[in-house]
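Trainee:
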Amino acid sequence: MTWGAMNCFPSTTPDLPLVIAALLLVSWILYAMSRRTQKLPPSPQSDPLIGHLRLLPTSDEHRVYARWGKELNSDIVSITVLGQTTVVLNSTAAVNELFDRRSTIYSSRVELPMITYPDLVDWSKFTSFLPYGDRWRAQRRMSHKVLHKKATMEIWPVSVKQSRMALQRISTNPDAFIREIRSPTSRMTGSILLSAVYGYEVTSANDHLVELVELALDHLCDAAIQGNFLVNTIPCLRYLPDWLPGTGWKKTAKAWSEEKDEMINAPFYWTKQRMTSGSAPHSIVGSLLGDLQNNSNLKLNHAEEEEDIIKWVAGNMFGAGADTTAASLLVFILAMTLNPRIQAKAQAEVDRVLGQDRLPEMDDRELLPYVECVLKEVERWQPVTPIGSVENDEYCGYFIPKGAAVVGNVWAIAHDESVYPEPDRFNPDRFLDPRVPKAPAFGFGRRSCPGVHLAESTLFITISTFLMLFDVRPIKDEEGKEILPEVNMKTNALVSYPADFRCSITPRSERALKLLGLSVLGTDG
Numbered sequence: 001m002t003w004g005a006m007n008c009f010p011s012t013t014p015d016l017p018l019v020i021a022a023l024l025l026v027s028w029i030l031y032a033m034s035r036r037t038q039k040l041p042p043s044p045q046s047d048p049l050i051g052h053l054r055l056l057p058t059s060d061e062h063r064v065y066a067r068w069g070k071e072l073n074s075d076i077v078s079i080t081v082l083g084q085t086t087v088v089l090n091s092t093a094a095v096n097e098l099f100d101r102r103s104t105i106y107s108s109r110v111e112l113p114m115i116t117y118p119d120l121v122d123w124s125k126f127t128s129f130l131p132y133g134d135r136w137r138a139q140r141r142m143s144h145k146v147l148h149k150k151a152t153m154e155i156w157p158v159s160v161k162q163s164r165m166a167l168q169r170i171s172t173n174p175d176a177f178i179r180e181i182r183s184p185t186s187r188m189t190g191s192i193l194l195s196a197v198y199g200y201e202v203t204s205a206n207d208h209l210v211e212l213v214e215l216a217l218d219h220l221c222d223a224a225i226q227g228n229f230l231v232n233t234i235p236c237l238r239y240l241p242d243w244l245p246g247t248g249w250k251k252t253a254k255a256w257s258e259e260k261d262e263m264i265n266a267p268f269y270w271t272k273q274r275m276t277s278g279s280a281p282h283s284i285v286g287s288l289l290g291d292l293q294n295n296s297n298l299k300l301n302h303a304e305e306e307e308d309i310i311k312w313v314a315g316n317m318f319g320a321g322a323d324t325t326a327a328s329l330l331v332f333i334l335a336m337t338l339n340p341r342i343q344a345k346a347q348a349e350v351d352r353v354l355g356q357d358r359l360p361e362m363d364d365r366e367l368l369p370y371v372e373c374v375l376k377e378v379e380r381w382q383p384v385t386p387i388g389s390v391e392n393d394e395y396c397g398y399f400i401p402k403g404a405a406v407v408g409n410v411w412a413i414a415h416d417e418s419v420y421p422e423p424d425r426f427n428p429d430r431f432l433d434p435r436v437p438k439a440p441a442f443g444f445g446r447r448s449c450p451g452v453h454l455a456e457s458t459l460f461i462t463i464s465t466f467l468m469l470f471d472v473r474p475i476k477d478e479e480g481k482e483i484l485p486e487v488n489m490k491t492n493a494l495v496s497y498p499a500d501f502r503c504s505i506t507p508r509s510e511r512a513l514k515l516l517g518l519s520v521l522g523t524d525g
């Protein structure tokens with residue numbers, strides 16, 4: 001574990017802060033040891049007092065947890081650090097039992113102090129981090145209202161437009177495909193969501209709002225990594241006075257909180273101001289605010305609360321959606337680079353169905369079953385997210401304490417050899433068998449992602465259009481030999497991305513590029 005500049009108590013601090021820190025630490029350990037001791041799920045060998053602190057994985061957590069499950073011969077494993085227990089579910093059976101059949105228990109989130117405490121960065125109203133309760137139900141209900149399958153169809157034109165514009169930019173500068181998909185200045189999925197959620201069109205390579213959002217989300221990821229801030233492990237450290245040496249992380253939290261506030265507020269009030277002036281384009285926020293204004297039965301305080309809910313639902317839709325879709329698109333390009341046979345098979349289906357005279361549309365999805373299989377196979381790489389238990393529970397004779405972080409290991413489930421033979425091989429053909437289930441890429445139970453329909457429609461239109469327009473191959477060295485990129489996923493607290501890789505993206509035909517250019521010109525007009 002690397003503390004770097006965020007170490008709460010460097011060796012040069014005076015005695016008083018050390019004493020205070022020691023007392024806080026001892027108090028926390030005594031509290032943790034006083035908690036009810038029951039038979040927890042199997043775990044690796046731990047150390048006295050600190051538990052599994054030295055074993056906490058700093059990368060590839062999903063692989064580590066899956067390996068522990070095999071070594072311990074259990075589909076459920078646990079680790080405990082200074083009294084905080086994490087339970088990892090490595091099988092579909094365990095996930096279905098806890099997250100579906102017992103969803104009222106496992107619908108909440110475990111608090112990470114740095115991101116959820118009001119005196120720190122405070123993303124506590126972000127739907128993804130809300131505990132199960134009235135506020136969570138209200139925001140979840142509103143999210144479903146605007147993101148259910150039929151409602152998502154209203155956003156299709158925005159997705160198609162932004163996807164085609166991004167692919168046109170890639171055609172003119174193919175070496176910058178990673179920057180185009182996920183950079184703060186031209187990230188395709190970010191543009192789609194800003195337009196759909198707020199009606200905000202990105203017109204500049206240095207758009208302040210897009211850069212602000214990227215910065216705030218990067219810092220959210222930093223704050224959510226347990227090892228970056230000791231307060232995430234010992235919450236009582238938040239009570240240390242700001243003047244103590246070694247508490248610079250509290251100033252960091254304040255700065256990041258201000259960034260978060262601007263990210264949530266700026267696009268929301270931009271839309272609200274446009275509505276007041278009558279110049280607001282169609283958007284999800286505009287529709288929700290319009291419904292609120294037309295509801296004359298709401299009292300003032302309830303109307304203010306509803307507006308706050310709209311603001312945070314919108315922020316969550318943008319913040320939670322952009323990174324995961326971008327990551328999936330990069331996984332797709334990586335997979336096509338490594339699997340030319342699969343690429344050719346998918347391209348042949350696109351050519352057979354569409355011909356040479358038009359680009360893919362959303363309505364073509366049912367006509368392109370192999371492209372759908374490619375999409376499903378890409379989704380097997382999605383990350384895991386902790387889900388917290390809100391009361392004590394028991395599973396297969398194991399005690400799961402209240403407040404434990406219960407994690408569904410999507411990677412382990414998606415690499416179950418009994419369900420997906422040769423799981424490490426990218427093989428869309430497996431999904432030609434209708435009995436093969438989709439990987440749970442969008443979560444479990446009541447916490448499953450409500451944006452699944454928007455995400456998958458965006459992936460479909462981008463993947464199918466990419467297959468029609470481009471060939472992607474490994475780059476070659478000076479001797480003409482192909483240099484295959486490594487499958488190396490980099491994980492932050494929220495999402496896994498392929499590590500930067502290079503490939504050769506070339507147009508399949510000038511005719512297809514001309515169709516793309518005419519389409520983009522038409523949408524601009």
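According to the UniProt record's numbering, the sequence shown is numbered sequentially starting from 1.
Glycine is no exception: its CB is placed at the ideal position from the N, C-alpha and C atoms.
1) What residue does the beta strand (DSSP E) around V81 start on, and which one ends it?
2) Please state the DSSP three-state secondary structure of F332.
3) Measuring alpha carbon to alpha carbon, tell me which of G83, L516, P44 ends up nearest R358.
4) Sorted by chain position, which residues of the same chain lie with C-beta nearer than 7 Å to L521's C-beta, five sequence neighbours on each side aside?
5) For S143, which beta-bridge partners are listed by DSSP?
6) If you run the structure through DSSP and keep just helix, strand and coil, what is P10?
7) State the beta-bridge partners of R473 as determined by DSSP.
8) Helix, strand or coil, according to DSSP, for L89 in the structure here?
9) Rounded C-beta distance between V350 and L467? I'm assuming under 8 Å.
10) Could you give the uninterrupted runs of the alpha helix (DSSP H) lying entirely in the segment 279 to 321, keeping only those of 4 residues or more?
11) Is it buried or exposed, D323, if we count other Cβ atoms within 10 angstroms and call 16 or more buried?
12) Count Cβ pairs between the segment 170 to 178 and the segment 339 to 356 that sit closer than 8 Å; are there 3 or more?
13) If you follow the beta strand (DSSP E) that Y395 is in, where does it begin and where does it stop?
14) In terms of residues, what are the limits of the alpha helix (DSSP H) holding F399?
15) Just list the residues that DSSP pairs I483 with in beta bridges.
16) Please name the residue in C373, Q293, T233, P118 whose C-alpha comes closest to that of D261.
17) Since A303 contacts L288 with CB under 8 Å, what's their CB separation in whole angstroms?
18) Pull up the CB-CB distance for A414 and A439, whole angstroms please, since I reckon it's below 8 Å.
19) Kindly list the residues whose CB is nearer than 8 Å to the CB of E510, restricted to its own chain and excluding five residues on each side of it in sequence; keep chain order.
20) Helix, strand or coil: how does DSSP classify S124 here?
21) Alpha carbon to alpha carbon, how far is S78 from G51? Give it in angstroms, no decimals.
22) Could you please give me the residues that DSSP links to P498 through a beta bridge?
23) Let's test the definition: count the other Cβ atoms within 10 Å of the Cβ of E154 and tell me whether it reaches 16, buried, or not, exposed.
24) Just checking, does the segment 136 to 154 make contact with the segment 262 to 275 on the three C-beta pairs under 8 Å criterion?
25) Give a yes or no on whether the C-beta atoms belonging to L330 and C373 are separated by under 8 Å.
26) Given Q382, which residues of its chain have a CB within under 6 Å of its CB, disregarding the five upstream and five downstream residues?
27) Provide the residue span of the alpha helix (DSSP H) that contains L237, from first to last.
28) Taking the alpha-carbon positions, what's the I475 to N339 distance?
29) Can you tell me whether Y65 is buried or exposed, with buried defined as 16 or more other CB within 10 angstroms of its CB?
30) Along the chain, where does the alpha helix (DSSP H) containing A216 start, and where does it finish?
31) Contact defined as beta carbons within less than 8 Å: I believe A314 pairs with V197. What is the distance between those atoms, to the nearest angstrom?
32) Applying the 10 Å Cβ sphere with the 16-neighbour rule, what's the burial state of E394?
33) Would you mind sorting T491 into buried or exposed? The rule is 16 or more other CB atoms within 10 Å of its CB.
34) Thinking S103 and T80 are a contact (beta carbons under 8 Å), I'd like their distance in whole angstroms, please.
35) Could you give the residue range of the alpha helix (DSSP H) that holds I342?
Mentor: With the given structure in hand:
1) Its beta strand (DSSP E) spans residues 76 to 81.
2) Reduced to three states, the DSSP call for F332 is helix.
3) The residue from G83, L516, P44 with its alpha-carbon nearest to that of R358 is L516.
4) Answer for L521: no residue qualifies.
5) S143 is not bridged by DSSP to any residue.
6) Because the pLDDT at P10 is just 36, under 50, the model does not fix this residue reliably, and the point stays unresolved.
7) Per the DSSP secondary-structure output, R473 pairs in a beta bridge with S504.
8) Strand.
9) About 5 Å separates the two Cβ atoms, so the contact holds.
10) The segment 279 to 321 contains these whole alpha helix (DSSP H) runs: 284 to 293.
11) Burial is judged here by how many other beta carbons sit within 10 angstroms of a residue's own beta carbon; D323 has at least 16 and is buried.
12) The segment 339 to 356 and the segment 170 to 178 do not touch, with fewer than three beta-carbon pairs separated by less than 8 Å.
13) That run of the beta strand (DSSP E) goes 393 to 395.
14) Unbroken run through F399 is the beta strand (DSSP E), 398 to 400; no alpha helix (DSSP H).
15) Per DSSP, I475.
16) Minimum Cα distance to D261 is reached at P118.
17) Rounded, the Cβ-Cβ distance is 12 Å, inconsistent with contact.
18) About 4 Å; that satisfies the 8 Å criterion.
19) Taking C-beta separations shorter than 8 Å and ignoring five residues to either side along the sequence, E510 has no partners in its chain.
20) In the structure shown, S124 sits in coil (DSSP, three-state: anything other than H, G, I, E or B).
21) If I take the Cα positions, the gap works out to 11 Å.
22) Looking at the DSSP assignment, P498 forms a beta bridge with M489.
23) Around the Cβ of E154, a 10 Å sphere holds fewer than 16 other Cβ atoms; the residue is exposed.
24) Counting C-beta pairs with one atom in each stretch, the segment 136 to 154 and the segment 262 to 275 have fewer than three that are closer than 8 Å, which means they do not touch.
25) Contact check for L330 against C373 fails: the beta carbons are separated by 8 Å or more.
26) Because Q382 sits at a pLDDT of 47, beneath the cut-off of 50, its placement in the model cannot be relied upon, and the point is left open.
27) Note, L237: premise wrong, no alpha helix (DSSP H); not H, not E.
28) Approximately 14 Å between the Cα atoms of the pair.
29) Only buried fits Y65, as 16 or more other CB atoms lie within 10 angstroms of its CB.
30) That run of the alpha helix (DSSP H) goes 208 to 224.
31) About 5 Å separates the two Cβ atoms, so the contact holds.
32) Classification of E394: exposed, given that the 10 Å Cβ count is below 16.
33) So T491 ends up on the buried side.
34) S103 to T80, Cβ: 24 Å. No contact.
35) Taken as a continuous stretch (DSSP letters only), the alpha helix (DSSP H) holding I342 covers 340 to 354.
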